[in-house]
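Remarks on the structure that follows.
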Amino acid sequence: MKSCLVVDDSRVVRKVARKILEELNFVCSEAEDGKQAMDLCAVSMPDAILLDWNMPVMTGIEFLRRLRKMSGGQSPKVVFCTTENDLAHIQEALSAGANEYIMKPFDSEIIQTKFQQVGLL
1 MKSCLVVDDS RVVRKVARKI LEELNFVCSE AEDGKQAMDL CAVSMPDAIL
51 LDWNMPVMTG IEFLRRLRKM SGGQSPKVVF CTTENDLAHI QEALSAGANE
101 YIMKPFDSEI IQTKFQQVGL L
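Right, here's the structure in full:
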């Protein structure tokens, strides 16, 4: 089974994403900010990361930049999942190493499609 780390400061968003991902046969872990996500990745690097942009402590873009510099940090497929939908944010995320970009709100079909596009399904 593949693993996915869901990083979002909203407990509701994490629970919804987790339910969808578990139905797609992912083992999920959760973090409520980028710092918690870094700590989890240092212990065990996931196959996929569903990442929010706007979070306290460490934002999603800060987390992504640090992740890609970590040992093994190039391997996870990172899908941003955020309300930031302007071209500048999308370009910044992709140039920082994101593999795909999902706009909130999302549903099962959107996550499944994006995860297929990046080769996780």
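Counted from 1, the sequence shown has number 1 at position 1 by the numbering used here; the numbering is strictly sequential. Virtual Cβ for every residue (Gly too), placed ideally from N, Cα, C.
VAL27: member of the beta strand (DSSP E) spanning 26 to 31, first to last residue. For VAL78, DSSP records a beta bridge to ILE49. Remark: C-beta atoms of LYS77 and ALA48 approach each other more closely than 8 Å.
CA-CA distance, LYS114 to SER71, rounds to 25 Å. Under DSSP, GLU100 shares a beta bridge with VAL79.
In the DSSP assignment, VAL6 falls within the beta strand (DSSP E) that extends over 2 to 7.
Taking 8 Å as the cut-off, the beta carbon of MET58 is found closer than this to the beta carbon of GLY34.
Taking LEU21 as the centre and dropping the five residues before and after it, the same chain places the C-beta of CYS4, CYS28 closer than 6 Å to its C-beta, in chain order. In the DSSP annotation of this structure, the continuous segment of the alpha helix (DSSP H) that includes MET38 starts and ends at 34 to 43.
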